[in-house]
Amino acid sequence: MTAGLNTRFESDDASPGFMLWRVTNRWQAVMRRTLAPFDLTHVQFVLLAALTWRADPEGMTQVDLAQTVRTDPMMVSQVLRALEAKGLVERRVDPADARARRVLATAAGADKARTANAAVEAADEEFFGPRSAAPMSLLEHLSHLDR
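Reading the sequence shown from the start, the letters are residues 415 to 561 in our numbering.
#1: With 16 as the cutoff for other CB atoms within 10 Å, does residue 423 come out buried or exposed?
#2: Does the beta carbon of residue 489 fall short of 6 angstroms from some heavy atom of the ligand ADP?
#3: Give the single residue among 555, 471 and 540 whose Cα lies nearest to the Cα of residue 441.
#4: Please determine, among 435, 433, 457 and 532, the residue with the shortest C-alpha to C-alpha distance to residue 480.
#5: Spell out the partners DSSP gives residue 503 in its beta bridges.
#6: As a quick exercise: from 494, 484 and 509, pick the residue whose alpha carbon is nearest that of residue 518.
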């Protein structure tokens, strides 16, 4: 017999971390279903959307892209290889630093990002509900936690 978990919460529903974990898993499942018709994983979509949103004709470095989406640069490099193989991004040597790569969405990549984004935003609205004061305060709180 176990003594149970030493916690200050009455139940798992009272733990914000555990609740966030469960909701995140549900939302990620929605994103997988939403992005499957576009042949994109969620992380591929996020990187492609970030590049398309920035729309810098010079592209951005892989490190800047990783910082923009707050993820690991090595993982970004691996995912970019897959996007490059699909013809959705182009990587070029950075003229200012031969060790760095600048990345930009191809025309096909930008088109796919725009089309997929419409589906993602519709899925987000269905999952989170329409934008209103309550969901925005949650977004503001999450934004604060993201700093």
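Every residue, glycine too, gets a C-beta built ideally from N, C-alpha and C.
Short version:
#1: exposed
#2: For the ligand ADP, the structure offers nothing, since it holds no ligand at all.
#3: 540
#4: 457
#5: 519
#6: 494
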